[in-house]
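Student: Handing you this structure, nothing more for now.
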Amino acid sequence: MNPFKSKLPDVGTTIFSVMSKLAKETGAINLSQGFPNFPVDPLLVDILKKNAEQDVHQYMPMPGSVQLLLQISKLIKNNYQRAIDAEKELLVTAGATQALFTAILAVINTGDEVIILDPAYDCYEPAVILAGGIPVHVQLGDDFLPDWDKIEDAFSSKTKMIITNNPHNPSGRLWSQKDVDSLESLLLKNENVLLLSDEVYEFITFENKHISIHTREKLLNRTIITSSFGKTFHITGWKMGYLVAPEELMIEIKKVHQFNVFSVNSVAQSCLTEYIQKTDVSVLGEFYQKKRDLFQSLMHESRFRLLPCEGTYFQTVDYSAISQENDVSFCKELATKHGVAAIPISVFNKNKLDLKIIRFCFAKDEETLTSATERLCKI
Ligand code: GLN
């Protein structure tokens, strides 16, 4: 008999690994897993080369290098006019994934309920379960926007946290002022509930700008916000991010962080300290908007129906005019028969709700987008 009892019996390999592997095996153009395929900024490469020769190869302080913490606090101040205490309220993490995991592990106790809005990025639920918490899934509307009455109904006396993700992966939707107001009112009515706000695509928005929880003063004493340099600087493989939390929560989060990773990659921290000061995040929205517009115009002739894309680098499409197959099978067929890999949305729904919608990543060079869309337009 197997002496092990799985802690995550319902969890398989993440869809991102599955689809990227399938793309490799089939030679399909990979528009599935979200990562840029164009070169990183040459300035960052120069900084990296220069740093390699410096004394930056040993452990950094546990919460992050003092200089990097300072630069991140400036980034937050410049973008959201929020002054944070870099020493007490900020943590450098190995990507947003580690930030989310560490935060959840630190504050969720056995039996605590955590509200997750589906379709949800796939790393939230396993962390809640490993912490002994109970995930409570609430389905977003078919337009991927929140139904606040439904969310309020899911709150109970055991609710400890709500996890939000705006701009939203996988849908590419962005919350309006009204949505953020509704979240704020809901939390003001439920004083003991924490907010974990995943804002990794904070700088990738198009016609409308992202409303960050950093700007919601009334919530800041119980909000944990995470972001990712992987998205902001096109360096997903560096696995660098950060987390902002009020001191009281941060004390607990650091207790876990110090035994989870202790401190994050020193060379990357040193490079990012310099790079943040020399780069302008405000151009990111326009940069990706051009890619979105190109992708959308190239897809115009296809039988896929393009859904609203207001932020992130993901375009969702409805394929129901092409096939009635479920989205997982459709994506497998798309890769194997038509040579383009995409992500099915149903895997992010606890109830596996399948709306015949899949996600393409357009963080790609023009040649890739052109070749992929040529294939997609033939279907
Ligand atoms: N966040 C990326 C996506 O949504 C994938 C990250 C990962 O592979 N873990 O595609």
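So for the sequence shown, the numbering used here puts the first residue at 31; every next one is plus one. Note that the Cβ used here is the ideal one computed from N, Cα and C, for glycine as well.
1. In three-state DSSP terms, what is Q354?
2. Does DSSP put F390 in a helix, in a strand, or in coil?
3. List the residues that DSSP assigns as beta-bridge partners of I255.
4. Roughly how many whole angstroms lie between the Cα atoms of Q97 and K104?
5. May I ask you to report which of helix, strand or coil DSSP gives F344?
6. Measuring straight from C-alpha to C-alpha, what distance separates V122 and I255?
7. Does DSSP classify K80 as helix, strand or coil?
8. Assign E214 to one of three DSSP states: helix, strand, or coil.
9. If the criterion is Cβ atoms closer than 9 Å, does the pair T194 and E143 meet it?
10. Looking at S62 and the ligand GLN, is the gap between the Cβ and the nearest heavy atom below 8 Å?
11. Using CA coordinates, which residue listed in M329, C301, E340, G162 is at the minimum distance from Q319?
12. Look at the alpha carbon of P33 and the alpha carbon of A136, and state the distance between them as a whole number of angstroms.
13. Return yes when the Cβ of E232 is within less than 9 Å of the Cβ of N81, no when it is not.
14. With a threshold of 7 Å on Cβ separation, who are the neighbours of K386 within its own chain once the five nearest residues in sequence on each side are excluded?
15. Can you round the beta-carbon distance between Q345 and G202 to whole angstroms, since I take them to be within the 8 Å contact cut?
16. What's the C-alpha gap between M90 and K79?
17. Which first and last residues belong to the alpha helix (DSSP H) in which M191 is found?
18. Going by DSSP, what residue range makes up the beta strand (DSSP E) through P69?
19. So, are the CB atoms of A275 and E55 less than 9 Å apart?
20. Return the chain-ordered list of same chain residues with a C-beta closer than 6 Å to the C-beta of F334, the five sequence neighbours on each side being excluded.
21. Any heavy atom of the ligand GLN inside 8 Å of the beta-carbon of C391?
22. Enumerate in chain order the residues of its own chain whose CB-to-CB distance from R405 is below 6 Å, with the five nearest sequence positions on each side excluded.
23. Taking 8 Å as the line, does the beta carbon of C407 fall inside it for any heavy atom of the ligand GLN?
Tutor: The answer reads as follows:
1. In this structure, DSSP gives Q354 a state outside helix and strand, which the three-state scheme calls coil.
2. In the structure shown, F390 falls within a strand segment according to DSSP collapsed to helix, strand and coil.
3. In DSSP, I255 forms a bridge with S227, V274.
4. Taking the straight line from one Cα to the other gives about 11 Å.
5. Collapsing the DSSP output to three states places F344 in a strand.
6. Distance between the alpha carbons of V122 and I255 is about 12 Å.
7. Here DSSP, grouped into helix, strand and coil, assigns K80 to helix.
8. Correct three-state label for E214: helix.
9. Cβ atoms of T194 and E143: not closer than 9 Å.
10. Checking every heavy atom of the ligand GLN against the Cβ of S62, one is found closer than 8 Å.
11. Checked all of M329, C301, E340, G162; the closest Cα to Q319 is E340.
12. Each residue's Cα considered, the two are about 28 Å apart.
13. Their beta carbons are not under 9 Å apart, which means N81 does not touch E232 by this criterion.
14. Excluding positions up to five away in sequence, the list reads D348, Y349, S350, D357.
15. Confirmed, Cβ separation roughly 6 Å.
16. Rounded to whole angstroms, M90 to K79 spans 19 Å at the Cα level.
17. M191 -> not in any alpha helix (DSSP H); beta strand (DSSP E) instead, spanning 189 to 195.
18. For P69, there is no enclosing beta strand (DSSP E), as DSSP marks it with neither H nor E.
19. The beta carbons of A275 and E55 sit no closer together than 9 Å.
20. Cβ contact annotation for F334 (same chain, cutoff 6 Å, sequence separation greater than five): V347, Y349, in chain order.
21. Yes, Cβ of C391 sits closer than 8 Å to a heavy atom of the ligand GLN.
22. Answer for R405: H368, G369, V370, listed in chain order.
23. Every heavy atom of the ligand GLN is 8 Å or more from the Cβ of C407, so no.
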